[in-house]
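In the working numbering, the protein residues as written are 1125 to 1334.
Following this line, the structure appears as structure tokens:
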């Protein structure tokens, strides 16, 4: 706004009229507007999370059924058959007859350090005559115990073992004694028993089947 102008007349204290005084001009400064500048707003930038690279596909798996191999020592007396464990049929079953007065026995395989896993479902065959039979199963890799379990009727047991670098895989079993021989016609089964490996590591030839 324009500055305001005020004219003030100064009176003479004497009796003689004085010349008209020069007017005094007082200039009022216009009010100063205070302007507060708003601080600039800084945009918040959020980076999108990095998208991880897709995982590479796993190596192809090579399967070798135990029923297709011949043990270098000991044996199973059932091969290439279907076993029944806990109401489910399993192809490629290896098994052996056992009763309470049987001796401990083993079957040992040369797997040539060429496989990574050994898998199976272990149990007593559903058609076993002695429903109270218990059998201790032990699995070794180059003499080191990998798994031990007691098998009973209608109680399937999963076997999933790392056999990387193992030359000799040995499977042993013996009945849990109770003082009587019990019925014959019982079978310990390893259903879908197989070795798993990857191309380039699996041996091109193992012991021939019997």
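Even glycine gets a Cβ: it sits at the ideal position worked out from N, Cα and C.
The count of Cβ pairs closer than 8 Å, one atom from the region 1264 to 1273 and one from the region 1298 to 1312, stays below three, leaving the stretches out of contact. For residue 1224, there is no enclosing beta strand (DSSP E), as DSSP marks it with neither H nor E.
Contact between the region 1218 to 1226 and the region 1301 to 1310 is present: 3 or more CB-CB pairs across the two stretches fall below 8 Å. Residue 1190 sits in a helix when the DSSP states are folded into three classes. Each residue's CA atom was taken as its position, placing residue 1232 and residue 1263 some 10 Å apart. Under DSSP, residue 1299 forms a beta bridge with 1259. For residue 1206, same chain residues with a beta-carbon under 8 Å away, outside a window of 5 residues either side, are 1213, 1214, 1215, 1217 in chain order.
Residue 1241: member of the beta strand (DSSP E) spanning 1241 to 1248, first to last residue. In the DSSP assignment, residue 1314 falls within the beta strand (DSSP E) that extends over 1311 to 1321.
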